[in-house]
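Numbering (the numbering used here), first residue to last: 4 to 134. To start, the structure under review is shown below, and the notes come after it.
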């Protein structure tokens with residue numbers, strides 16, 4: 004598995020006019036085949052639901068490898084983080100969840116509400132997925 008230390012800041016989701024109550028960062032991992040676990044337990048939104056997927060936990064796999072390679076917790080994926088984009092797909096949580104289950108390069112944008120911002124971990128959803 005290949006874990007890159009950083010990904011380019013090319014996403015429109017990383018605009019400088021984003022709200023100050025969120026922290027966003029990019030990351031990139033490469034999943035060589037389906038035997039390689041991504042290591043994410045996510046809450047997938049119901050059809051027509053949210054525009055992201057919510058991280059419930061990080062398990063062993065590419066994301067745990069990514070987290071260990073980071074010098075700061077500010078660029079690690081944590082519980083309650085929202086994956087708002089994968090490989091250019093955004094504004095559709097179902098499409099994002101599907102993209103996370105694919106092989107190849109996965110370029111993600113992660114949003115983390117800062118302390119005091121509302122959480123969506125308990126929102127009504129159709130499925131939880133372990134990837």
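Using N, Cα and C, we set each Cβ at its ideal position, and we do this for glycine too. The structure displayed is predicted, hence computed values, not measured ones.
Item	Value
Which same chain residues, not among the five before or five after residue 62, have their C-beta less than 8 Å away from its C-beta?	40, 42, 43, 44 and 133
For residue 1, which three-state DSSP category applies?	Limits of the chain in this structure are 4 at one end and 134 at the other, which puts residue 1 out of reach.
Considering just the uninterrupted stretch of the alpha helix (DSSP H) at residue 115, what are its terminal residues?	From DSSP, residue 115 is part of no alpha helix (DSSP H) but of the beta strand (DSSP E) over 107 to 116.
For residue 102 and residue 53, what's the separation of their Cα atoms in angstroms?	16 Å
So with Cβ pairs under 8 Å, would you call residue 31 a contact of chain C?	Of the chains in the structure shown, none is chain C; there is only one protein chain.
Excluding the 5 residues preceding and the 5 following residue 66 in the sequence, name in chain order all residues of the same chain whose CB lies nearer than 8 Å to its CB.	32, 41, 42, 43 and 80
Out of 37, 109, 64 and 35, which has the shortest C-alpha to C-alpha gap to residue 87?	109
Quick check on residue 77: does DSSP put it in helix, strand or coil?	helix
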